[in-house]
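Per our numbering, the first sequence runs over residues 29 to 779.
The structure appears right after this line, and notes come after that.
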Amino acid sequence: MSGDHSHNEDQIDCGSRVNDSHKHKDKYKEKEHKHKDHKKDKEREKSKYGNSDHKDSSDKKHRDKEKMKHKDGSTDKYKDKHKEKRKEEKMKSLDVKIKKEKENGFASPQHVKSEPEDDFYHSPKQSLKRVRNEDNDSEFQPKKIKTENDKKAKKRKQDEDIKPKKTKNKKGEVTDGKKKAKKEPEEKWKWWEEERYTDGVKWKFLEHKGPVFAPPYDPLPSNVKFYYDGKTMKLSPEAEEVATFFAKMLDHEYTTKDIFRKNFFKDWRKEMTSEEKTKITDLKKCNFSEMSEYFKAQSEARKAMTKEEKLKIKEENERLLQEYGFCIMDNHRERIANFRIEPPGLFRGRGDHPKMGMLKRRIRPEDIIVNCSKDSKHPEPPPGRKWKEVRHDNKVTWLVSWTENIQGSIKYIMLNPSSRIKGEKDWQKYETARRLKKCVDRIRNQYREDWKSKEMRIRQRAVALYFIDKLALRAGNEKEEGETADTVGCCSLRVEHIKLYPENDGQEYVVEFDFLGKDSIRYYNKVPVEKRVFKNLQLFMENKEPDDDLFDRLNTSILNKHLQELMDGLTAKVFRTYNASITLQQQLKALTSAEENIPAKILSYNRANRAVAILCNHQRAPPKTFEKSMQNLQTKIDAKRDQLSDAKRELKSAKADAKVRKDEKSKKTVETKKKAVQRIEEQLMKLEVQATDREENKQIALGTSKLNYLDPRISVAWCKKWGIPVEKIYNKTQREKFAWAIDMADDDFEF
DNA sequence: ACTGTAACTTAGAACGGTCTCA
DNA sequence: TGAGACCGTTCTAAGTTACAGT
């Protein structure tokens, strides 16, 4: 948590100052880089950065060069290690991929944010009305304002009662003696009213029961056969287990992919006995269909279980949850996110992953590192087994870790998002974004200036930052080639990922982006940019191959170091958070109209949310049943329409009737009919709204932005302002995660 | 200065329970 | 009351960032 605690420093001057906690980084600043790829760069060098008055006017583009050299005169690329392979591979793989996605209808996020000319640079109108918030960093400090908090603040230390729900009986009665007061859920702990740790310590006390391991392999019944080359063959348990992993995936298109099959087969053979190994030499000759059928039958059987059986399983799960799903951290019982260890299986990477199909091995106690307090009751390994290590590191938040065998990375068991430790961090993230709001104008002016810099690296940095800001791109770390799918973010964009159009569809200086980002989700976007940016891009691309880095003098660490100097705590991803949240706020303001009813307001909310999802390129595959469910809805709407016209007709005749008869009864009938019409109108409206919402949402996923990018206080404030129950916006889990925001945001909260 | 890695956040898909409507 | 739509939950991969070690 170091570096997070400067919040009370003033925010007005959030940049340029280098504060203590970051001084040590200065030495890393601005050095020229190693030479990594000589040949290519040498060639490029001569022609590249010409002489210039760095004016950037298109007419004199060629004079623009020369000045752009590195100070040392080198023009070597900063980074471009891996690439040879990429050439061939990308041709086929990326092409295919994209084609496919196009077919799927997966494509361009349209851009929501507007161009600089209009209101991209949100002017500093912020917090005019807010007095309380004047200094919004301090918001992150525990609110000392409230007197009662002061005493509470002390409590973290020890006295608050530990709150294990003493019993498993989930309904009502409580057996822990503290009668009625305890009745329901113990009143929720408001960690956000307490003081935070400030020294990198994450907890003082941590106790838990360790992980739950995957159930051991349960061998197939003997009537389920495996066939090799047409002949039945009994596999050793080890080989059989791995075979079942494959069999379970048979319906998935993964298993048709070459790399998947190759990787699988290689790893499978490692598990075979030598006899099996000699026999089984060709995956094509393997017949897993009986296994596959067996598992399908099993899952059918599971669905067909009786209520009692299902209940039993549920109870067992609940028991496991109560026993292993919680820990005690600093006197509070907190939910653990993932207390079950990932079971063995075949690795499914996303996109074109070179390792797909590899065997993800079973994790044993001997692989596990346990982290807990020294003075806690340590978790026990299973009988006769040992942990790899037990440590007591309170500078980290995880309870259990192990090293995974596919990438060699470390996996963790950590707490639920509703926990204090996650919530504080989340809150802090939004506070950092709000600090950015205060100085974003300055930063934008600065990078616009930097577009004219004499130094190439500065121009690149400035253009990259512009993209990150304007398009909410991810930072784009370098990745090790061949270890992962070929995806990029901003700093790792390659020349092949953008196209420049001096003119396109009546717009000037259009850049077309087309690349695979995180999770191999395609980013496609055509954006008009400022002339200077355009010219710079032309410059960056000169004499480069398609698979060369666009920003050859930039990487995420350089960029983030720069950002750190502009504002304490600023990194590339803060721009995503900031732009997402500010967009939500603006859109809500623009879209919500007071007269609308609740469903319509919620539609507006969803639209605002959608604007953010589009900005962040949060896509999803259109639901398989999309068309159908759309049709169903339409049928319903039609039916409702009919119903409405019927009702109207009835109303009319009732009115006529009443006019003639003038008696109480007929008047009453009119009233009833009126009500009916109204009700039906409302229902119809609701359905129509639903249809619109769904249609617009076809391939956009709202969840990710809602959960990770939108300051929940914006939503809470909006709910309060318009009298919308917060449950309409956040489900139970989300309310738990955002409890802090729900508790603290008033209707006038301003991001 | 640069690499490697630990720690933590963000991500979409799969799963599975629940609700709804014929 | 059963099928299917829907929606929340779970799963775990894939990012970002800080920082240690050389």
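Glycine is no exception: its CB is placed at the ideal position from the N, C-alpha and C atoms.
Check, Outcome
"With 16 as the cutoff for other CB atoms within 10 Å, does glycine 731 come out buried or exposed?", "exposed"
"Is isoleucine 364 helix, strand or coil when you go by DSSP?", "strand"
"Tell me which residue opens and which closes the beta strand (DSSP E) that methionine 261 is part of.", "259-261"
"Looking only at its chain, what residues have a beta carbon closer than 7 Å to the beta carbon of histidine 646, apart from the 5 residues adjacent to it on each side?", "Ile728, Ala729, Thr732, Ser733"
"Give a yes or no on whether the C-beta atoms belonging to cysteine 800 and alanine 490 are separated by under 8 Å.", "With the chain covering 29 to 779 only, the question about residue 800 has no answer from this structure."
"Taking buried to mean at least 16 other C-beta atoms within 10 Å of its own C-beta, is glutamine 613 buried or exposed?", "buried"
"Apply the 10 Å Cβ neighbour rule to lysine 276 and answer buried if 16 or more other Cβ atoms are within range, or exposed otherwise.", "buried"
"In whole angstroms, what is the alpha-carbon distance linking serine 429 and methionine 484?", "43 Å"
"Under 6 Å Cβ to Cβ from aspartate 497, same chain only, skipping five residues before and after it: list those, please.", "Phe603"
"By the DSSP assignment, the beta strand (DSSP E) with tyrosine 537 in it spans what residues?", "535-544"
"CA-CA distance, glutamine 762 and glycine 258?", "53 Å"
"Quick one: Cα of proline 753 to Cα of glutamine 718, how far?", "18 Å"
"Starting from the N-terminal side, write out each stretch of the alpha helix (DSSP H) that is 4 residues or longer and does not extend beyond the region 701-754.", "731-736, 740-750"
"How long is the line joining the alpha carbons of methionine 595 and glutamate 268, rounded to whole angstroms?", "56 Å"
"Given that a residue counts as buried once 16 or more other Cβ atoms are within 10 Å of its Cβ, and exposed if not, what is glycine 451?", "buried"
"Over what stretch of residues does the alpha helix (DSSP H) that includes methionine 658 continue unbroken?", "654-689"
"Quick check on the DSSP output: the beta strand (DSSP E) that includes asparagine 553 runs from which residue to which?", "550-556"
"Checking 8 Å against the spacing of the C-beta atoms, do valine 640 and methionine 569 come in under that value?", "no"
"Give me, in chain order, the residues of the same chain whose beta-carbon lies closer than 7 Å to that of tyrosine 475; leave out the 5 immediate sequence neighbours on both sides.", "Ala490, Leu493, Tyr494"
"Could you give the residue range of the beta strand (DSSP E) that holds serine 429?", "428-431"
"Would you decide whether threonine 720 is buried or exposed? Buried here means 16 or more other CB atoms lie within 10 Å of its CB.", "exposed"
"Could you tell me whether the region 571-591 touches the region 460-469, where touching means 3 or more Cβ pairs closer than 8 Å?", "no"
"In terms of residues, what are the limits of the beta strand (DSSP E) holding tyrosine 440?", "438-441"
"Judging by CA-CA distance, which residue of Thr283, Leu738, Tyr551, Met442 is the nearest neighbour of leucine 374?", "Thr283"
"Give the DSSP bridge partners of lysine 765, in chain order.", "Partner(s): none; lysine 765 has no beta bridge."
"Using CA atoms only, rank isn't needed, just tell me which of Asn359, Pro244, Leu631 is closest to arginine 722.", "Leu631"
"What are the boundary residues of the alpha helix (DSSP H) that includes glutamate 346?", "335-352"
"To the nearest angstrom, how far is it from the Cα of threonine 272 to the Cα of aspartate 246?", "11 Å"
"Does the distance from the CB of methionine 319 to the CB of isoleucine 449 come in under 8 Å?", "no"
"Pair every Cβ in the region 389-407 with every Cβ in the region 233-240, then say whether three or more of these pairs are closer than 8 Å.", "yes"
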